[in-house]
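Peer 1: Residue numbers (our numbering): 12 to 308.
For each residue, glycine too, the CB sits at the ideal point set by N, CA and C.
Here the structure is a predicted model, which is why all the values come from computation and not from measurement.
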(Lines of atoms letter the chains of each structure in order from A and count residues from 1; the text may use other names and numbers.)
(Lines give C-alpha, C1' and ligand atoms only; values in the text may rest on other atoms or scores of the structure.)
Protein backbone atom coordinates (compact mmCIF):
# COMPACT_ATOMS: atom_id res chain seq x y z
CA UNK A 1 0.00 0.00 0.00
CA UNK A 2 1.48 3.32 -1.06
CA UNK A 3 1.55 6.25 1.37
CA UNK A 4 4.45 8.44 0.22
CA UNK A 5 7.31 8.62 -2.23
CA UNK A 6 9.49 6.09 -0.34
CA UNK A 7 8.91 2.33 -0.43
CA UNK A 8 8.74 0.20 2.67
CA UNK A 9 12.22 -0.25 4.23
CA UNK A 10 14.30 -3.11 2.89
CA UNK A 11 15.35 -4.02 6.44
CA UNK A 12 14.49 -2.90 9.98
CA UNK A 13 16.72 -3.16 13.06
CA UNK A 14 15.45 -2.71 16.62
CA UNK A 15 18.36 -1.22 18.55
CA UNK A 16 18.49 -1.13 22.35
CA UNK A 17 21.37 -0.70 24.72
CA UNK A 18 22.69 -0.58 28.27
CA UNK A 19 20.21 -2.81 30.07
CA UNK A 20 22.56 -3.07 33.10
CA UNK A 21 20.85 -6.10 34.61
CA UNK A 22 21.86 -7.59 37.95
CA UNK A 23 21.51 -11.16 39.19
CA UNK A 24 18.11 -11.90 40.65
CA UNK A 25 16.70 -8.70 39.18
CA UNK A 26 18.28 -6.63 41.95
CA UNK A 27 17.81 -2.87 41.68
CA UNK A 28 20.74 -0.97 40.19
CA UNK A 29 22.29 1.21 42.92
CA UNK A 30 19.30 0.08 45.03
CA UNK A 31 17.22 2.53 43.00
CA UNK A 32 16.59 1.50 39.39
CA UNK A 33 14.45 -1.52 38.48
CA UNK A 34 16.43 -2.51 35.40
CA UNK A 35 14.64 -5.87 35.13
CA UNK A 36 11.21 -4.22 35.22
CA UNK A 37 12.35 -1.62 32.71
CA UNK A 38 13.58 -4.29 30.30
CA UNK A 39 10.32 -6.22 30.63
CA UNK A 40 8.38 -3.06 29.75
CA UNK A 41 10.80 -2.43 26.88
CA UNK A 42 10.24 -5.95 25.58
CA UNK A 43 6.47 -5.47 25.57
CA UNK A 44 6.82 -2.17 23.70
CA UNK A 45 9.37 -3.74 21.33
CA UNK A 46 6.93 -6.46 20.34
CA UNK A 47 4.55 -3.77 19.07
CA UNK A 48 6.86 -1.09 17.69
CA UNK A 49 9.30 -3.52 16.07
CA UNK A 50 6.89 -6.19 14.84
CA UNK A 51 8.51 -5.93 11.37
CA UNK A 52 12.11 -6.00 12.63
CA UNK A 53 14.60 -8.24 10.86
CA UNK A 54 17.04 -8.20 13.80
CA UNK A 55 17.29 -6.98 17.38
CA UNK A 56 20.61 -5.40 18.36
CA UNK A 57 21.64 -5.03 22.00
CA UNK A 58 24.71 -2.81 21.89
CA UNK A 59 26.42 -3.68 25.15
CA UNK A 60 26.37 -3.37 28.92
CA UNK A 61 23.82 -6.17 29.02
CA UNK A 62 24.87 -6.91 32.61
CA UNK A 63 26.10 -4.36 35.13
CA UNK A 64 28.54 -6.66 36.93
CA UNK A 65 29.01 -9.40 34.33
CA UNK A 66 27.04 -11.94 36.39
CA UNK A 67 25.92 -15.12 34.55
CA UNK A 68 22.46 -14.82 36.11
CA UNK A 69 22.06 -11.32 34.70
CA UNK A 70 22.73 -12.56 31.16
CA UNK A 71 20.29 -15.42 31.68
CA UNK A 72 17.69 -12.84 32.72
CA UNK A 73 18.30 -10.79 29.56
CA UNK A 74 17.85 -13.91 27.49
CA UNK A 75 14.66 -14.87 29.35
CA UNK A 76 13.13 -11.44 28.70
CA UNK A 77 14.21 -10.76 25.11
CA UNK A 78 14.28 -14.16 23.40
CA UNK A 79 10.47 -14.67 23.48
CA UNK A 80 10.00 -11.29 21.80
CA UNK A 81 12.65 -12.12 19.21
CA UNK A 82 11.04 -15.49 18.54
CA UNK A 83 7.62 -13.87 18.20
CA UNK A 84 8.90 -11.32 15.72
CA UNK A 85 11.09 -13.86 13.96
CA UNK A 86 14.21 -11.72 14.44
CA UNK A 87 17.61 -12.94 15.68
CA UNK A 88 19.35 -11.07 18.50
CA UNK A 89 22.82 -9.57 18.04
CA UNK A 90 24.51 -9.28 21.44
CA UNK A 91 27.42 -6.82 21.67
CA UNK A 92 29.82 -6.55 24.59
CA UNK A 93 30.20 -3.35 26.60
CA UNK A 94 32.59 -2.18 29.28
CA UNK A 95 30.42 -3.62 32.09
CA UNK A 96 30.22 -7.03 30.43
CA UNK A 97 32.49 -10.01 31.11
CA UNK A 98 33.27 -12.08 28.03
CA UNK A 99 33.36 -15.59 29.48
CA UNK A 100 30.14 -15.23 31.45
CA UNK A 101 28.43 -13.50 28.55
CA UNK A 102 29.37 -16.24 26.09
CA UNK A 103 28.29 -19.06 28.38
CA UNK A 104 24.96 -17.58 29.48
CA UNK A 105 23.91 -16.29 26.06
CA UNK A 106 25.10 -19.36 24.17
CA UNK A 107 27.57 -17.43 22.03
CA UNK A 108 30.27 -19.30 20.07
CA UNK A 109 34.00 -18.86 20.53
CA UNK A 110 36.64 -19.26 23.21
CA UNK A 111 35.58 -17.87 26.62
CA UNK A 112 37.89 -14.86 26.77
CA UNK A 113 38.09 -14.00 23.07
CA UNK A 114 36.48 -10.75 21.88
CA UNK A 115 32.73 -11.14 21.36
CA UNK A 116 32.82 -10.32 17.63
CA UNK A 117 30.15 -11.63 15.26
CA UNK A 118 28.66 -11.37 11.78
CA UNK A 119 25.00 -11.87 10.92
CA UNK A 120 23.55 -11.68 7.43
CA UNK A 121 19.84 -10.87 7.36
CA UNK A 122 18.58 -10.96 3.81
CA UNK A 123 20.60 -8.39 1.87
CA UNK A 124 22.00 -6.71 5.00
CA UNK A 125 25.09 -7.61 7.01
CA UNK A 126 25.29 -6.78 10.74
CA UNK A 127 28.83 -6.85 12.13
CA UNK A 128 29.34 -6.59 15.88
CA UNK A 129 32.78 -5.45 17.08
CA UNK A 130 33.75 -5.98 20.72
CA UNK A 131 35.18 -2.66 21.92
CA UNK A 132 35.43 -3.73 25.57
CA UNK A 133 38.93 -3.88 27.03
CA UNK A 134 39.21 -6.37 29.92
CA UNK A 135 39.92 -4.50 33.14
CA UNK A 136 39.01 -1.08 31.73
CA UNK A 137 35.93 1.02 31.04
CA UNK A 138 37.27 2.94 28.03
CA UNK A 139 37.03 1.28 24.64
CA UNK A 140 39.28 0.08 21.86
CA UNK A 141 40.19 -2.97 19.78
CA UNK A 142 43.37 -4.75 18.78
CA UNK A 143 45.16 -5.46 15.52
CA UNK A 144 43.80 -8.98 15.38
CA UNK A 145 40.26 -7.64 15.57
CA UNK A 146 41.11 -5.08 12.90
CA UNK A 147 42.14 -7.89 10.56
CA UNK A 148 38.97 -9.82 11.46
CA UNK A 149 36.80 -6.74 10.79
CA UNK A 150 38.42 -6.09 7.41
CA UNK A 151 37.74 -9.69 6.39
CA UNK A 152 34.16 -9.50 7.69
CA UNK A 153 33.43 -6.53 5.41
CA UNK A 154 34.63 -8.21 2.19
CA UNK A 155 32.07 -8.91 -0.57
CA UNK A 156 29.30 -6.62 0.68
CA UNK A 157 25.67 -7.67 0.24
CA UNK A 158 23.25 -5.47 -1.68
CA UNK A 159 22.27 -3.31 1.33
CA UNK A 160 25.81 -3.11 2.72
CA UNK A 161 26.77 -3.47 6.37
CA UNK A 162 25.81 -1.99 9.72
CA UNK A 163 28.53 -1.97 12.40
CA UNK A 164 27.60 -2.42 16.06
CA UNK A 165 30.07 -1.25 18.72
CA UNK A 166 29.34 -0.29 22.33
CA UNK A 167 31.66 2.72 22.54
CA UNK A 168 30.67 5.31 19.91
CA UNK A 169 33.56 6.68 17.82
CA UNK A 170 32.49 10.27 18.49
CA UNK A 171 33.45 13.21 20.70
CA UNK A 172 31.48 12.97 23.95
CA UNK A 173 29.58 15.94 25.38
CA UNK A 174 30.23 14.82 28.98
CA UNK A 175 33.80 15.74 29.94
CA UNK A 176 34.16 12.89 32.43
CA UNK A 177 32.86 10.35 29.93
CA UNK A 178 35.68 11.37 27.59
CA UNK A 179 37.91 9.36 29.93
CA UNK A 180 35.87 6.33 28.84
CA UNK A 181 35.87 7.07 25.12
CA UNK A 182 36.77 4.80 22.22
CA UNK A 183 40.54 5.19 21.87
CA UNK A 184 41.28 3.48 18.55
CA UNK A 185 39.55 5.78 16.07
CA UNK A 186 42.52 5.93 13.68
CA UNK A 187 42.71 2.13 13.41
CA UNK A 188 38.95 1.90 12.87
CA UNK A 189 38.98 4.60 10.19
CA UNK A 190 41.69 2.71 8.30
CA UNK A 191 39.56 -0.44 8.25
CA UNK A 192 36.29 1.26 7.38
CA UNK A 193 37.80 3.33 4.61
CA UNK A 194 37.78 0.33 2.31
CA UNK A 195 34.51 -1.18 3.57
CA UNK A 196 30.80 -0.88 2.97
CA UNK A 197 29.57 0.23 6.41
CA UNK A 198 26.49 2.43 6.04
CA UNK A 199 25.81 3.10 9.74
CA UNK A 200 27.37 2.51 13.16
CA UNK A 201 25.08 1.62 16.09
CA UNK A 202 26.38 2.37 19.59
CA UNK A 203 25.34 2.92 23.20
CA UNK A 204 27.51 3.55 26.29
CA UNK A 205 26.56 7.19 26.91
CA UNK A 206 22.97 6.62 28.13
CA UNK A 207 21.75 9.40 25.85
CA UNK A 208 20.20 9.34 22.42
CA UNK A 209 22.28 11.06 19.79
CA UNK A 210 23.96 10.90 16.43
CA UNK A 211 27.04 12.07 14.58
CA UNK A 212 29.43 11.03 11.85
CA UNK A 213 32.68 9.09 11.85
CA UNK A 214 34.74 8.68 8.68
CA UNK A 215 31.70 10.06 6.83
CA UNK A 216 29.54 7.24 8.27
CA UNK A 217 26.43 8.03 10.35
CA UNK A 218 26.73 7.03 14.02
CA UNK A 219 23.47 6.45 15.91
CA UNK A 220 23.33 6.16 19.70
CA UNK A 221 20.55 4.29 21.47
CA UNK A 222 19.84 5.61 24.93
CA UNK A 223 19.69 3.11 27.77
CA UNK A 224 16.72 1.02 28.85
CA UNK A 225 18.09 1.17 32.43
CA UNK A 226 18.49 4.89 33.18
CA UNK A 227 19.47 8.01 31.27
CA UNK A 228 22.27 10.50 31.80
CA UNK A 229 21.00 14.05 32.24
CA UNK A 230 23.23 16.46 30.35
CA UNK A 231 21.18 19.33 31.79
CA UNK A 232 22.23 18.63 35.37
CA UNK A 233 24.51 21.20 37.02
CA UNK A 234 28.24 20.46 36.58
CA UNK A 235 30.67 19.11 37.56
CA UNK A 236 28.63 16.15 38.86
CA UNK A 237 27.16 13.53 36.54
CA UNK A 238 23.40 13.09 36.86
CA UNK A 239 21.46 9.90 36.17
CA UNK A 240 17.68 9.91 35.94
CA UNK A 241 15.20 7.06 36.06
CA UNK A 242 13.32 8.51 33.09
CA UNK A 243 13.44 9.05 29.31
CA UNK A 244 14.55 5.45 28.63
CA UNK A 245 14.20 4.58 24.95
CA UNK A 246 15.23 2.32 22.09
CA UNK A 247 15.69 2.99 18.36
CA UNK A 248 14.24 1.65 15.16
CA UNK A 249 16.71 1.76 12.27
CA UNK A 250 15.22 1.50 8.79
CA UNK A 251 17.53 0.54 5.95
CA UNK A 252 16.67 1.48 2.35
CA UNK A 253 18.65 0.95 -0.82
CA UNK A 254 19.69 4.62 -0.84
CA UNK A 255 18.99 5.86 2.70
CA UNK A 256 18.99 4.98 6.38
CA UNK A 257 16.53 6.48 8.89
CA UNK A 258 16.21 6.03 12.63
CA UNK A 259 13.40 6.73 15.09
CA UNK A 260 13.45 6.95 18.89
CA UNK A 261 10.76 4.99 20.76
CA UNK A 262 9.92 5.51 24.47
CA UNK A 263 10.87 2.26 26.15
CA UNK A 264 8.58 2.31 29.20
CA UNK A 265 4.81 2.17 29.59
CA UNK A 266 3.30 5.65 29.83
CA UNK A 267 0.03 7.49 29.45
CA UNK A 268 -0.86 8.45 25.90
CA UNK A 269 -3.85 9.51 23.87
CA UNK A 270 -4.94 8.74 20.33
CA UNK A 271 -3.93 11.81 18.36
CA UNK A 272 -5.67 10.17 15.43
CA UNK A 273 -8.47 7.74 16.40
CA UNK A 274 -8.26 4.21 15.05
CA UNK A 275 -11.54 4.50 13.16
CA UNK A 276 -10.24 7.54 11.24
CA UNK A 277 -7.04 5.68 10.34
CA UNK A 278 -9.14 2.78 9.03
CA UNK A 279 -11.13 5.19 6.87
CA UNK A 280 -7.94 6.65 5.38
CA UNK A 281 -6.57 3.17 4.66
CA UNK A 282 -9.63 2.33 2.58
CA UNK A 283 -9.13 5.26 0.19
CA UNK A 284 -7.20 5.15 -3.07
CA UNK A 285 -3.85 7.02 -3.08
CA UNK A 286 -5.17 10.30 -4.52
CA UNK A 287 -8.15 10.43 -2.15
CA UNK A 288 -5.87 9.45 0.72
CA UNK A 289 -3.71 12.52 0.10
CA UNK A 290 -6.78 14.71 -0.24
CA UNK A 291 -8.27 13.39 3.00
CA UNK A 292 -5.12 13.45 5.09
CA UNK A 293 -2.90 16.20 3.66
CA UNK A 294 -5.29 18.86 2.36
CA UNK A 295 -5.74 21.73 4.83
CA UNK A 296 -9.37 22.38 5.63
CA UNK A 297 -11.04 25.77 5.20
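Who are the near neighbours of residue 163 in its chain, counting only those whose CB is closer than 6 Å to its CB and skipping five residues on each side?
Peer 2: Stepping through the chain shown from its first residue, residue 163 is reached at position 152. Excluding sequence neighbours, residue 163 sits near 129 and 138.
Peer 1: Out of 156, 194 and 72, state which residue places its alpha-carbon closest to the alpha-carbon of residue 115.
Peer 2: Here residue 115 corresponds to residue number 104 of the chain shown, with the count starting at 1. Residue 72 is the option with its Cα nearest to residue 115.
Peer 1: What separation, rounded to the nearest whole angstrom, lies between the Cα atoms of residue 83 and residue 305?
Peer 2: What you label residue 83 is simply residue 72 of the chain shown in a count that begins at 1. What you label residue 305 is simply residue 294 of the chain shown in a count that begins at 1. Cα to Cα, residue 83 sits roughly 50 Å from residue 305.
Peer 1: With DSSP as the reference, identify every bridge partner of residue 150, one or two as the case may be.
Peer 2: As a working mapping, residue 150 is identified with position 139 in the chain shown. 143 and 193, per the DSSP bridge assignment.
Peer 1: Can you name the start and end residues of the alpha helix (DSSP H) that residue 285 belongs to?
Peer 2: Here residue 285 refers to the residue found at position 274 when the chain shown is read from its first residue. Here the alpha helix (DSSP H) through residue 285 covers 285-292.
Peer 1: Indicate whether at least one CB of chain C lies closer than 8 Å to the CB of residue 101.
Peer 2: Among the chains of the structure shown, chain C does not appear; only one protein chain is present.
Peer 1: Count the other C-beta atoms from every protein chain shown that fall within 10 angstroms of the C-beta of residue 147, then say buried if there are 16 or more, exposed otherwise.
Peer 2: In the chain shown, counting from the first residue as 1, residue 147 sits at position 136. Exposed: under 16 other Cβ atoms inside 10 Å.
Peer 1: Have a look at 235, 151 and 97 and flag the residue whose alpha-carbon is nearest the alpha-carbon of residue 132.
Peer 2: Residue mapping note: residue 132 aligns to position 121 of the chain shown, counting from 1. Comparing Cα-Cα distances from residue 132 to each of 235, 151 and 97, the minimum goes to 97.
Peer 1: Using DSSP's beta-bridge definition, name the partner residues of residue 213.
Peer 2: Translated into positions along the chain shown, residue 213 becomes position 202. BP columns for residue 213 point to 231.
Peer 1: Nearest by alpha-carbon distance to residue 85: which of 103, 181, 64 and 117 is it?
Peer 2: One-based indexing of the chain shown puts residue 85 at position 74. Ranking 103, 181, 64 and 117 by Cα distance to residue 85 puts 117 first.
Peer 1: Can you tell me the Cα-Cα spacing of residue 125 and residue 69, whole angstroms?
Peer 2: On the chain shown, position 114 is the one that residue 125 refers to. On the chain shown, position 58 is the one that residue 69 refers to. Cα to Cα, the separation comes out at about 14 Å.
Peer 1: Taking C-beta to C-beta, are residue 100 and residue 175 nearer than 8 Å?
Peer 2: Walking along the chain shown from the start, residue 100 turns up at place 89. Walking along the chain shown from the start, residue 175 turns up at place 164. Yes, they are a contact pair.
Peer 1: Determine whether the beta carbon atoms of residue 20 and residue 261 lie at a separation below 8 Å.
Peer 2: On the chain shown, residue 20 is found 9 positions in, with the first residue counted as 1. On the chain shown, residue 261 is found 250 positions in, with the first residue counted as 1. In contact: residue 20 and residue 261 (Cβ atoms closer than 8 Å).
Peer 1: Residue 269: which of 259, 275 and 80 sits nearest, CA to CA?
Peer 2: Here residue 269 is taken as the residue at index 258 of the chain shown, counted from 1. Closest by alpha carbon: 259.
Peer 1: In the DSSP assignment, find the beta strand (DSSP E) that holds residue 257 and state where it starts and stops.
Peer 2: Counting from one through the chain shown, the residue named residue 257 turns up at place 246. Per DSSP, residue 257 belongs to the beta strand (DSSP E) from 256-262.
Peer 1: Kindly indicate which residue of 201, 282 and 192 has the alpha-carbon position closest to the one of residue 143.
Peer 2: The count along the chain shown starts at 1 and reaches residue 143 at position 132. It is 192 whose Cα lies nearest to the Cα of residue 143.
Peer 1: Only counting the same chain, and skipping five residues up and downstream in sequence, which positions put a Cβ closer than 8 Å to that of residue 149?
Peer 2: Numbered from 1 along the chain shown, position 138 holds the residue referred to as residue 149. Here the set comprises 105, 178, 190, 191, 192, 193 and 194.
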